Structures are given as C-alpha cells and as structure tokens.
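Which chain is which? The protein sequence lines are V and G, in order. Following our numbering, the numbering of the first sequence begins with 626 at its first residue and continues without gaps. Following our numbering, the numbering of the second sequence begins with 6 at its first residue and continues without gaps. Note that CB positions come from ideal geometry on N, CA and C, so glycine has one too. If you're wondering where the values come from, they're calculated on a predicted model, not measured in any experiment. A short write-up of the structure that comes next.
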Amino acid sequence: MKQENPLIYLNNAATSWPKPPEVIQAVQESLELPFGGGGRGTGKVSRDYLTEGRETVAQFFGENSPDTIVFSLNATDALNTLIHGFAASQTEKFHVITTTLEHNSVLRPLHYLEKTGMIYLDYIPFSNARVDPESITEVVTDKTRLVVMNHGSNVLGSVQDIRVVGEYLHDRGIFFIVDGSQTAGHIPLNLSSLELDAFVFTGHKGLLGLPGIGGFCIRNPDPVLPIRMGGTGTNSKSLDQPGDLPERYEIGTHNYPGVASLIAGISFLKTIGMDTLQKKADRQIEYFMKELSSEPGITIYNPEPDLPIIACNITGLDNDDVGYILARKDNIVVRTGLHCAPLLHNAIDDGAGCVRISPSWFTTDEECQIAAEAIKEIAHHADSQI
Amino acid sequence: MRILRSNRHKYCADGSFMKEFILDTEVTPEFLDFLKHYGSLEMLPGLGEGFYKFEKSDCFSIKGFLNESSFEVRFKKEVMEFTSDFLYSMLYCYQNGKPDYTTLNRRDVALMERVRTRLHGN
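And the structure:
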C-alpha cells in the first residue's frame, strides 16, 4: 500500500470530513465550562447551546419557530421517534406509503410495523432516480395516514419534489415525514414554505457537525406520541412525560458538544454561502460525470444528480473490490455495497451494490482529478485477468 | 507464512464476514501459485503491485496486493468455524515456498466434506 499518498476522502454522504476548524474549536470551547441550562444546574455555566442551537437550525432551515426543533442522536433516531410515535397514536391498522429510494432508517421501522400487523405498507418505485409525485397520490386510500420519504437519495443524489407531495398530502390530512439527511447543508431549505409535518436532519453530514447530533422539525406534535420517557429537567414533580416541545421527545442529558458543533457548522456554511457551496458541488459532479461516463467499463446510475453523490460500477469487478483497490493503492476513501438502501439497489444493480463517490466543499479539484484517474485506471485493467 | 493479527472486521452486504489479516511476510507470486491449488485466482497485474483475488468456493475469498504483508478475507458465515481453521492451515502448510501439499490436501478434502454437509445437508 502506498501509504505516502495523502488521504482523499470521498465518503461525505456517509459522514463529512474534514470538519471546519471552526467546528473543532467550537467543540473544544464547549468543554471549557460546565454545561447547564434546561433546569439542570445553577451558577455560571457555558453558553445556552440548546436555545442557540434551535434558533440556528430553525433560521437555517427557514422554519419560523425555533420551538419546533427537536434534537436527537441522529437522523435514524429521529425517524424512529417519529415513525413509532406516530404509530403509537393510531387506534387501528393504517396505511403507510414510502419509496424504494429509502434508507434502512426508514425501511426497517416501517417493515417492523408491517410485520407486526400495525400497518399496510406500499413502496413506490422510482424512475430515473426520482419518484413521480403522482405515483404517490395514486396509491393513497382512505386508510392512508402516513407518508415517509427522503428528500435526497443517499445513493443516487437525486432530490425529490417534496413540495408537490406535501401539498397533496396536507389537503388530505396525511402526516408527511421527510428525511433530509442528505439535503440539509447541501441545498437551501425554506421549510416554512413547504407543507411538511416533520423534517429530519442529521448533524454530521452536510451540516459539518459531529456524529451523535441530529434532530427534526415538527410543527404539530399531537399525532406523534413520545415513545421514550425520562428526565427533562422540567416539571419534575409529574410522573408523566411533558407534552410540550421539545421535552416531549428530548430525554436525558443533551449532546452539548454536538449542538455546539452544529451551530458552528451551520455558521460555516452561512459564511461560505449556499450558492457558492452548490456551485462547487455542481462543478464536482460535472467533472466526475465527464471523466467517468465516457469510460466504456463504467456504469453511472444517475447521470444527473442534484447532490454531490455519484453512484457507479466497473464492469467485471465487484464494487467492494473497487473500493478495496482505491483504498489500498491510492488511499482514496469511497463507500461500497448497499449504502443501507437495499430496495434501491435491487432496482439499479440487482442488489449487488455499487461504488459511491461523494466529495464535499473541502475536496479539491486536484483530488477529484486523482480519484477520477484512479477509477478509470481500475476500469482499464478490469478485464486483464490471468 | 503466519497471521500476526487481524486488524478490522465487518459484516458485508452479501452476508459474509470480512477480516483483514496482518501477515509476517509479504504475499509473493509463488504464494499465489500455491493458492491456485485450492481455488480460483483472478489478477489485475497492472494495478499497483498487482491486485489479486482468490476464491475458495463455498468457503472464503482472499484479496490483496502482491508484495504486501496483509490481505482481506471474506468468510462465508455459515461455515466460518471450519474455514477459518483451514485458512490458518493453508498459510502454515505453505512453509515459506516449500508447501506441504499432502497434509493440506487431506485437510481440504475433510473441510469440503464438512462444508458440503453444513451447506447442502449431504
């Protein structure tokens, strides 16, 4: 292995790296004073990270009220809170719609509810990396209570038209959860202009924060019962879980350094500007597409991604072998396999998996060039077996 | 050849179990020739020092680069308890270029019998 090659990290759709120096500094500073607030202490304590965090996230997502922002461990945790909490509020078996683009963070909780007889479940297929909003409306029945879909695909990099879907569902009183794990921090969001009931985000991808912090925005929490209970630092006399936001869902001690990283990550994104970020991402996508799509041995699964995510395979080589070669020969980190999206892969590559390349703001043009050359080199050699 | 330690492990999408092994010596072309007696070998010689992938059907696969003292093994999970022992035997019987085929062939026959029984029930 040529360890002397500098690391090229193209796995930002899994978790972003590097983190901006401002984020690292903010985390370090957050640890310099005891954490407080939220009714858990007295005296001189650190900044009120939770209030600041909610305000920062709400403002960044174009959401009117910071009180609608709930922190969680990550997007999977948030989705479980929402999906299982919604199911707990229903008194009879109900119909749920999701898509085959989803991550296991959506598929597994829904599959569990289906398996245990609590829901009827429909999976809407995608075409050209996108779900046609009409195909969702076509399967809505009078038993449909919930739709869960991602905003951006973690494999194909396509952004779904949640505006149209949201408007249709809102008119029919169907609860709509959007998984924004891949879009938060990558595209400008204005949640207040969308008819969503809940929008899920994670802190460690596009928002450039630490792993272990995520959350969701929820406007009306009534249809989502709390499924975990415990200390909130408020109303401690009562043995009932508080019903107000955010205590309804936020239990136990918060991840203060995580929230600090989220605030700093969003601040960094705002300093750069979403337009500038997007322009760079578009340039990276265009570059990889130009370089890789002209190679006869390379299959690209979505030639027009909206996010900096390129999914491909090399003819004659297992995707895992491609990842291994890139890692060991060139010190390039990508993600291979199923990307926790088994139904999507069943549709695009018969469930075999693929190679996912996901650069970030910090990926240089030179790194893109080295990576594209390395992938092309593998493709050139893929059929020269002895 | 000996395994010094295993470095990383993970469960793979196809249900196999991956382990990276650190070896006491580098993988040579002679070692790959030895492996060929017990399975199929594919090679991309133009990539780096030469990428290889060895497959022992129903048991495990090995991939790595020539002249490196590590490789990655994917064990078929259902029979891993038998096949991981066989991997150690393979390396031991290679004996730095003077393979003990007699011992290893005998173990191979026994292994494949157990694997067949476990996987196919006969």
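Within chain V, the residues that Leu18 of chain G reaches when beta carbons sit closer than 7 Å: Looking at the sequence shown, residue 18 of chain G is not Leu but Ala. What Ala18 of chain G touches in chain V: Gly962, Leu963, Gly978.
With a threshold of 7 Å, establish whether the CB of Gln807 of chain V neighbours any heavy atom of the ligand GTP. For the ligand GTP, the structure offers nothing, since it holds no ligand at all.
Could you name the residues of the region 39-55 of chain G whose beta carbon sits closer than 9 Å to any beta carbon of chain V, in the order they occur along the chain? Residues of the region 39-55 of chain G whose Cβ lies closer than 9 Å to any Cβ of chain V, in chain order: Leu46, Glu47, Met48, Leu49, Pro50, Gly51, Leu52, Gly53, Glu54.
When you compare the CB of Glu35 of chain G with every CB in chain V, is at least one pair closer than 8 Å? False, the Cβ-Cβ gap to chain V never drops below 8 Å.
Report yes if the C-beta distance between Ala936 of chain V and Ser806 of chain V is below 8 Å; otherwise report no. No, the Cβ-Cβ distance between Ala936 of chain V and Ser806 of chain V is not below 8 Å.
Using only the alpha-carbon positions, how far apart do Ile1011 of chain V and Leu49 of chain G sit? Residue confidence is low: Ile1011 of chain V scores 36 on pLDDT, short of 50, so the model does not pin down where it sits. Its coordinate-derived value is still stated next. Annotation: Ile1011 of chain V to Leu49 of chain G spans about 8 Å, alpha carbon to alpha carbon.
Enumerate in chain order the residues of its own chain whose CB-to-CB distance from Gln785 of chain V is below 7 Å, with the five nearest sequence positions on each side excluded. Contacts found: Arg755, Val756, Met774, Asn775, His776.
DSSP beta-bridge partners for Ala809 of chain V? Its beta-bridge partners are V:Ile812.
Helix or strand or just coil, what does DSSP make of Met48 of chain G? DSSP places Met48 of chain G in strand when its eight states are reduced to three.
For a quick check, are the C-beta atoms of Phe711 of chain V and Val849 of chain V less than 8 Å apart? Yes, the pair counts as a contact, with Cβ atoms nearer than the cut-off.
Which term fits Pro643 of chain V, buried or exposed, when burial requires 16 or more other beta carbons within 10 angstroms of its beta carbon? Of the residues assessed, Pro643 of chain V falls on the exposed side of the cut-off, its CB having fewer than 16 other CB atoms within 10 angstroms.
Please report the distance separating the alpha-carbon of Leu816 of chain V from that of Arg953 of chain V. One C-alpha to the other measures close to 42 Å.
Looking at the C-beta of Phe70 of chain G, does it have a partner C-beta in chain V at a distance below 8 Å? At least one CB atom of chain V sits nearer than 8 Å to the CB of Phe70 of chain G.
Residue nearest to Ser613 of chain V in terms of C-alpha spacing, selected from V:Leu832, V:Glu763, V:Ala651: The requested residue 613 of chain V is not part of the displayed model; chain V covers only 626 to 1011.
Answer with yes or no whether the minimum CB distance from Glu77 of chain G to chain V is below 8 Å. It does: the Cβ of Glu77 of chain G has a partner Cβ on chain V nearer than 8 Å.
Quick one: give me the first and last residue of the alpha helix (DSSP H) that Asp63 of chain G is part of. Annotation for Asp63 of chain G: no alpha helix (DSSP H) segment contains it, and DSSP assigns it neither H nor E.
Taking the alpha carbon of Tyr748 of chain V as the point to measure from, which residue in V:Arg981, V:Thr988, V:Cys993, V:Asn971 has its own alpha carbon closest? That would be V:Asn971, whose Cα lies nearest to the Cα of Tyr748 of chain V.
Could you check what DSSP says for Met23 of chain G in three-state terms: helix, strand or coil? When secondary structure is reduced to three states using DSSP, Met23 of chain G falls in the strand class.
Just checking: is the beta-carbon of Lys81 of chain G within a distance shorter than 8 Å of some beta-carbon in chain V? It does not; no Cβ of chain V falls within 8 Å.
Which complete alpha helix (DSSP H) runs does the region 691-719 of chain V hold, if anything under 4 residues is left out? Within the region 691-719 of chain V, the runs of alpha helix (DSSP H) at least 4 residues long that lie entirely inside it are, in chain order, 700-713.
With a threshold of 8 Å between beta carbons, is Arg953 of chain V in contact with chain G? Contact of Arg953 of chain V with chain G is assigned, a C-beta pair being separated by under 8 Å.
Are Ser75 of chain G and Glu35 of chain G closer than 8 Å when you measure CB to CB? No, the pair does not count as a contact, with Cβ atoms beyond the cut-off.
Can you grab the Cα-Cα spacing for the pair Leu632 of chain V / His811 of chain V, in whole Å? Straight across, the Cα-Cα distance linking Leu632 of chain V with His811 of chain V is about 23 Å.
Straight-line Cα distance separating Leu71 of chain G from Thr33 of chain G: Computed Cα separation, rounded: 6 Å.
Kindly indicate which residue of V:Val947, V:Asn944, V:Leu963, V:Ala906 has the alpha-carbon position closest to the one of Cys993 of chain V. In terms of Cα proximity to Cys993 of chain V, the closest of V:Val947, V:Asn944, V:Leu963, V:Ala906 is V:Ala906.
Between the CA atoms of Asp804 of chain V and Tyr93 of chain G - distance to the nearest angstrom: Taking the straight line from one Cα to the other gives about 46 Å.
Is the beta carbon of Lys768 of chain V less than 8 Å from the beta carbon of His736 of chain V? Contact check for Lys768 of chain V against His736 of chain V fails: the beta carbons are separated by 8 Å or more.
Can you check whether the CB of His964 of chain V is closer than 8 Å to the CB of Ile705 of chain V? A small correction: the amino acid at residue 705 of chain V is Asn; Ile does not occupy that position in the sequence shown. With a cutoff of 8 Å on beta-carbon distance, Asn705 of chain V and His964 of chain V are scored as not near each other.
What are the start and end residues of the alpha helix (DSSP H) that includes Tyr737 of chain V? Its alpha helix (DSSP H) spans residues 729-740.
Is Asp946 of chain V helix, strand or coil when you go by DSSP? Secondary structure at Asp946 of chain V: helix, using DSSP grouped into helix, strand and coil.
Taking only three categories from DSSP, how would you classify Cys937 of chain V? In the structure shown, Cys937 of chain V adopts extended strand secondary structure according to DSSP, grouped into three states.
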